[in-house]
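Structure record follows, encoded as structure tokens.
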Amino acid sequence: MSPFLAADLMPPGPETLSDLVPAMGKALTGGALTGLGLPYATRYVLLLVDGMGRENLEQSRHLTPALSDMENCHDLTCQVPSTTATSLSCIGTGAAPGHHGVAGYTFRAPSGQAINALSWANGVNPEAIQPHPTAFESLIAAGVTVSSVGPARFQRSGLTRASLRGPRFIPIHDEDDADERVHKTLEAVRSGDVSLTYVYERSLDHVGHGEGWQSSAWRSRLMWVDELVGALLDELDSGTALVVTADHGMIDVPGDHRIMVEDEGGLLADVDLLAGEPRFRHIYTRRPGEVARRWRRELGDRAQVVIGEDAITAGLFGPVDASTRSRFGDVLAITRGDWAIMSRATPKELTLVGMHGSLTPREMRVPLLAQICEG
521 MSPFLAADLM PPGPETLSDL VPAMGKALTG GALTGLGLPY ATRYVLLLVD
571 GMGRENLEQS RHLTPALSDM ENCHDLTCQV PSTTATSLSC IGTGAAPGHH
621 GVAGYTFRAP SGQAINALSW ANGVNPEAIQ PHPTAFESLI AAGVTVSSVG
671 PARFQRSGLT RASLRGPRFI PIHDEDDADE RVHKTLEAVR SGDVSLTYVY
721 ERSLDHVGHG EGWQSSAWRS RLMWVDELVG ALLDELDSGT ALVVTADHGM
771 IDVPGDHRIM VEDEGGLLAD VDLLAGEPRF RHIYTRRPGE VARRWRRELG
821 DRAQVVIGED AITAGLFGPV DASTRSRFGD VLAITRGDWA IMSRATPKEL
871 TLVGMHGSLT PREMRVPLLA QICEG
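In our numbering, the protein residues as written are 521 to 895.
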């Protein structure tokens, strides 16, 4: 464990989401073993279930017969922070956050404003934010057919253009229609003899944010996800490898564990910009030492407060490019346990029950499951 992290926080593991597409690419481009314990195939379907952390899934195994019957591959973790925009960028680029530069749910853009990486509010040209070729583009250049099956609204989103660009996009118009998802996945898989089909499913995360991952609504949606997995296993052509993973886990945050920055001992003094999300805050300031001391004093053991340069030196975000350094906080506030750091400036966050972003095992560990379909 990195020496500056508290015992209940964990850095990225030796194998992360950034390794996933390159591992499959080995088989697709050279016939080599894939790594990560994945099976060899010439057609892969990668199903990303947003918000289905390993520990969340393990505590609900009795609800997921199809997922439970799949083979467990190597343990994976997210990169840091454990949030959708960063994790999807790690998958799409095959790189760590320090390289691709999508530093969190919100982070400081070159303009000095906080860019929202999901809505792309305050965002500039996505290809300028993440200019490197994606892992998908590299596979296409090597002759692999790559498709993306996901909600229609994301076809030209800023995050798609920045970190997930390259694949032929096949839009889903009714996200509750599992048959449409399966049909369009089959269409994508059959479009090439050597193919990777990326399928994004976001509803479990949405329910978790609104109701909490321990709610009956979350369990019901997990069962729907399991039915989707079962249908894919039944319908995909023989020899196709179905791989299932997630972008992060989730923690339910009690109402009395929400720290309001506007109400706590001058936390916003000398802060130029507060970004990130409630469980992992990027704090931008010209006085990092003073701000870090103030936040440590006020938050105590509810969060670990780290100077940004120390985190970068320790490799928390992977190697950080000079072009992306300003996106990572000068100070980081990483919540512990089930605490969250809220702000009235971002009122939508005040409605959340389930949250993620921090470095607890429940948020960082994600499943990696695989099975060769029999057709």
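For every residue, glycine included, the Cβ atom is placed at its ideal position computed from N, Cα and C.
Residue from V714, I692 and I854 whose Cα sits closest to the Cα of S668 = Indexing the sequence shown from 1 puts residue 668 at position 148. For the residues V714, I692 and I854, the minimum Cα distance to S668 belongs to I692.
| message | Once DSSP output is grouped into helix, strand and coil, what is the label at H693? | response | Within the sequence shown, numbered from 1, the residue matching residue 693 stands at position 173. It is coil, neither helix nor strand.
Pick helix, strand or coil for E591, following the three-state DSSP scheme.
The sequence position of residue 591 within the sequence shown is 71, counting from 1. It is a strand residue.
| Distance between P534 and D858 (C-alpha atoms, nearest Å) | Position 338 of the sequence shown, counted from the start, is the residue given in the question as residue 858. Position 14 of the sequence shown, counted from the start, is the residue given in the question as residue 534. If I take the Cα positions, the gap works out to 25 Å.
- Query: What residues in its chain sit with their C-beta under 6 Å from that of D850, if we drop five residues either side in the sequence?
  - Reply: As a first step, residue 850 is located in the sequence shown; it is residue number 330 there, counting from the start. Answer for D850: Y804, T805, P808 and G828, listed in chain order.
Next item on the list: Between the Cα of V719 and those of G728, L787 and V709, spot the shortest distance and give me the residue it belongs to.
Entry: Numbered from its first residue, the sequence shown carries residue 719 at position 199. Comparing Cα-Cα distances from V719 to each of G728, L787 and V709, the minimum goes to V709.
> Among D772, T880, G838 and G874, which has the Cα closest to the Cα of A623?
Replying inline: Residue mapping note: residue 623 aligns to position 103 of the sequence shown, counting from 1. Measuring from the Cα of A623, the nearest candidate turns out to be G838.
- Query: In whole angstroms, what separates the C-alpha of M521 from that of P531?
  - Reply: One-based indexing of the sequence shown puts residue 521 at position 1. One-based indexing of the sequence shown puts residue 531 at position 11. Caution applies to M521, whose pLDDT of 40 falls short of 50 and renders its modelled position unreliable; the model cannot decide the point.
Practice item. Return the bridge partner residues of Q824 from the DSSP annotation. Key: On the sequence shown, position 304 is the one that residue 824 refers to. DSSP, once it has assigned bridges, lists I854 as partnering Q824.
Notebook entry, point to check: Taking buried to mean at least 16 other C-beta atoms within 10 Å of its own C-beta, is L870 buried or exposed?
Noted result: Taking the first residue of the sequence shown as 1, we reach residue 870 at position 350. Exposed.
- Task: Compute the minimum distance between the beta carbon of L748 and the heavy atoms of the ligand SAM, and state whether it is under 7 Å.
- Result: Of ligands this structure carries none, so the ligand SAM is not represented either.
ask   = For A552, which residues of its own chain have a beta-carbon under 6 Å away from its beta-carbon, when the five flanking residues on both sides are left out?
value = Taking the first residue of the sequence shown as 1, we reach residue 552 at position 32. Answer for A552: K546, listed in chain order.
Going by DSSP, what residue range makes up the alpha helix (DSSP H) through R678? For the purposes of this step, residue 678 is identified with residue 158 of the sequence shown, where counting begins at 1. Here the sequence assigns Gly to residue 678, which means Arg is not the residue at that position. First-last of the alpha helix (DSSP H) with G678: G678 to S683.
Inset, instruction - Please classify T765: does DSSP put it in a helix, a strand, or coil? - result: By one-based count along the sequence shown, residue 765 stands at place 245. Looking at T765 - three-state DSSP - the assignment turns out to be strand.
Original post:
Can you tell me the Cα-Cα spacing of T603 and H876, whole angstroms?
Top reply: As a first step, residue 603 is located in the sequence shown; it is residue number 83 there, counting from the start. As a first step, residue 876 is located in the sequence shown; it is residue number 356 there, counting from the start. Answer to the nearest angstrom: the Cα atoms are 6 Å apart.
Next on the checklist: Can you check which of these residues, A634, C598 and T554, is closest to G796 by C-alpha distance?
Outcome noted: As a working note, residue 796 is residue 276 in the sequence shown. Residue A634 is the option with its Cα nearest to G796.
For A860, the three-state DSSP class (helix, strand or coil) | To locate residue 860, count along the sequence shown from 1; it is residue 340. Note: A860 maps to strand in three-state DSSP.
By Cβ distance below 6 Å, which residues in the same chain neighbour G895 in space, the five residues on each side in sequence not counted? Working through the sequence shown from its first residue, we reach residue 895 at position 375. Once the five neighbours on either side are set aside, the close Cβ partners of G895 are D757 and S758.
### Message
Between which residues of its own chain and V482 is the CB-CB distance below 6 Å, once the five residues before and five after are set aside?
### Response
With the chain represented from 521 up to 895, any question about residue 482 goes unanswered, as that position is not in the structure.
Quick one: Cα of C893 to Cα of E707, how far?
In the sequence shown, counting from the first residue as 1, residue 893 sits at position 373. In the sequence shown, counting from the first residue as 1, residue 707 sits at position 187. Their Cα atoms are separated by approximately 16 Å.
Quiz item: Per DSSP, what kind of secondary structure is M780 in: helix, strand or coil?
Solution: The residue labelled residue 780 in the question sits at position 260 within the sequence shown. Reduced to three states, the DSSP call for M780 is strand.
Margin query: With three or more beta-carbon pairs closer than 8 Å as the criterion, would you say the region 770-783 touches the region 830-837?
Written below: no
Handout entry: Inter-residue Cα distance where the pair is A661 and R685
Key = Position 141 of the sequence shown, counting from 1, holds the residue named residue 661. Position 165 of the sequence shown, counting from 1, holds the residue named residue 685. Straight-line Cα distance between these residues: approximately 13 Å.
Report task. Going by CA-CA distance only, name the one from P867, L852, I854 and R847 that's closest to A629. Result -> Counting from one through the sequence shown, the residue named residue 629 turns up at place 109. For the residues P867, L852, I854 and R847, the minimum Cα distance to A629 belongs to R847.
Exercise. If you draw a straight line from the alpha carbon of I910 to that of G621, how long is it in whole angstroms?
Worked result: Coverage of the chain is limited to positions 521 through 895, which leaves residue 910 absent and any answer about it impossible.
When the distance is taken between beta carbons, is M572 closer than 8 Å to L748?
Numbered from 1 along the sequence shown, position 228 holds the residue referred to as residue 748. Numbered from 1 along the sequence shown, position 52 holds the residue referred to as residue 572. Cβ distance not < 8 Å, so L748 and M572 don't count as in contact.
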